[in-house]
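First residue of the sequence shown: 5, per my numbering; consecutive thereafter. Working notes, beginning with the structure itself.
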Amino acid sequence: MASELNTLKADDAQLESAVRAIDAGVLVQAETTDSAQQAVQSANVAVGAVGSRLSIAERRMGELRSRTSALAVRAYVHPGGDTLLDIMRSHDLGEASRRQALMAHVVSADRDVLEQMRALRQDVSSERANLAQARELAQERTQVARAKLAGLQQVQVDQRRLKSALDQRIQDYVNEVDALSKEDARLSALIRSRQGTDGPVDARVSGSGLIWPASGPITSGFGMRWGRLHAGVDIGAGYGSPVRAAKGGTVILAGYNGGYGNAVIIDHGGGFSTLYAHMSRLMVSDGAVVRQGQQVGAVGSTGHSTGAHLHFETRFGGTPQNPRRFLP
């Protein structure tokens with residue numbers, strides 16, 4: 005699921021979670037790949053060991069065959085060797101005795117070689133079967149290792165993609181918040197001066213509460229994130245969609261304000277105000293009295309913004325508070 009995440013549509017929490025998941029997946033995949041490669045190495049060692057034993061057995065078989073051939077030639081050319089010649093030259097033995105002695109010696113001389121060849125032939129046959137099995141196992145493990153390696157490489161591709169997206173998201177966020185922070189002190193002072201609330205303010209919200217100023221999910225919440233305070237919430241509404249007053253009040257600022265872009269601030273009394281930023285166009289002006297739900301602008305991406313959305317803030321005495329405390 006992490007590898008299939010759409011980085012453009014995912015919110016910050018989803019992207020961070022996906023990066024953590026893909027990092028864990030890479031570790032697991034790397035371990036299984038290492039295990040598979042070690043299994044291949046073990047199988048190859050086994051192939052080498054069986055191959056060595058087979059080579060030794062085949063070499064020994066060749067030696068025995070040469071020896072057998074030599075015995076056969078010798079028996080044919082010079083039957084029985086010197087011992088048989090002595091027996092055959094002896095005048096004390098009859099013809100039957102000489103033949104018996106000859107056959108006994110030939111059989112005795114060949115039996116040992118033939119027995120060795122028979123046992124060795126069985127060994128060679130067994131080792132060849134073992135070698136075939138070892139090679140088959142090595143081939144199977146090699147295929148598994150290749151599949152694991154391909155899987156690891158794909159996960160690493162996904163890892164680089166998600167981390168790159170997260171790094172870019174963080175950089176964009178930091179740049180945007182830094183740009184907004186440059187305007188924050190000035191806006192806070194402006195709000196306090198126009199509200200006439202230089203001292204402590206009533207931080208309570210009236211019983212009527214607020215409505216959502218735009219339709220869409222929250223793509224970035226209020227609070228500290230990546231080392232910066234995000235002083236409001238970002239609502240992922242489509243470009244040009246309406247931005248409405250969350251509560252009735254008086255517009256105390258409507259215009260372009262640096263990193264906030266086209267922004268509107270509405271004073272709701274009691275030191276409470278709401279701010280709407282990055283709008284593509286404004287539909288109210290300073291001093292206008294607006295009712296709750298009245299359209300005050302349209303969603304955009306003006307100022308320092310990474311894409312169309314509404315940056316919405318709630319402030320008391322100019323100080324940002326978490327909008328989720330007051331929204332339905």
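Here a beta-carbon is modelled for each residue, glycine too, at the ideal position from N, C-alpha and C.
Residue burial annotation: Y280 is buried, with at least 16 other C-beta atoms found within 10 angstroms of its C-beta.
Put simply, of V300, Q137 and L19 the residue whose alpha carbon is nearest the alpha carbon of Q172 is L19. Taking every protein chain shown into account, the CB of M283 has 16 or more other CB atoms within 10 angstroms, so this residue is buried. Under the Cβ criterion (8 Å, minimum of three pairs), the segment 234-253 counts as touching the segment 285-299. Following the DSSP letters along the chain, one finds Q325 inside the beta strand (DSSP E) bounded by residues T323 to Q325. With respect to the 8 Å criterion, L166 and A22 are classified as neighbours on the basis of their beta carbons. The Cβ atoms of G275 and G321 lie closer than 8 Å to each other. Counting along the chain, I270 sits inside the beta strand (DSSP E) bounded by residues N266 to G273. Pairwise C-beta distances place the segment 31-40 out of contact with the segment 178-188, as fewer than three of them are shorter than 8 Å. Runs of beta strand (DSSP E) with 3 or more residues, each lying fully within the segment 228-291, are found at 232-234, 237-239, 246-248, 253-260, 266-273 and 276-283, listed in chain order. Here the C-alpha atom of N326 lies approximately 15 Å from the C-alpha atom of D188. Taking each of L170, G240, H234 and A169 in turn and checking the Cα distance to K186, the smallest one comes out for H234. Cβ atoms of L314 and P217 come within 8 Å of each other, at about 6 Å. Cβ-Cβ distances below 6 Å link A142 to A47, N48 and V51 in the same chain, with the five nearest sequence neighbours on each side left out; the list follows chain order. Put simply, of G265, G242 and I269 the residue whose alpha carbon is nearest the alpha carbon of T254 is I269. In terms of Cβ geometry, Q137 and V30 do not form a close pair [threshold 8 Å]. The alpha-carbon separation between I195 and A312 amounts to approximately 25 Å. For Q298, there is no enclosing beta strand (DSSP E), as DSSP gives it neither H nor E. Within a 10 Å sphere around the beta-carbon of N10 sit fewer than 16 other beta-carbons, which makes this residue exposed. Assigned with DSSP and collapsed to three states, I215 falls in coil, not helix or strand.
Taking the Cα positions, A302 is about 13 Å away from I239. Burial of Y177 is indicated by the presence of at least 16 other C-beta atoms within 10 angstroms of its C-beta. In the DSSP assignment, T318 forms a beta bridge with T278 and Q325. Residue nearest to A43 within the set A149, E140, M65 and D16 is A149 (criterion: CA-CA distance). Exclusion of the five residues before and after G307 leaves G263, Y264, G265 and H282 as the residues of its chain whose Cβ lies within less than 6 Å of its Cβ.
The C-alpha of G304 is placed about 8 Å away from the C-alpha of R285.
Residue pairing by DSSP places S129 in no beta bridge whatsoever. With a 10 Å radius around the Cβ and a threshold of 16 neighbouring Cβ atoms, V54 comes out buried. E62 and D127 have their C-alpha atoms some 9 Å from each other.
Residue T278 holds the alpha-carbon nearest to the alpha-carbon of I256 among A123, T278, P332 and T223. In this chain, the beta strand (DSSP E) harbouring S224 covers I222 to S224. In the three-state DSSP reduction, G66 falls in the helix class (H, G or I).
Burial check for E67: the Cβ neighbour count within 10 Å stays below 16, so the residue is exposed.
For G304, the three-state secondary structure derived from DSSP is strand. R329 is the residue among R198, A123, R329 and D38 whose C-alpha sits nearest the C-alpha of I215.
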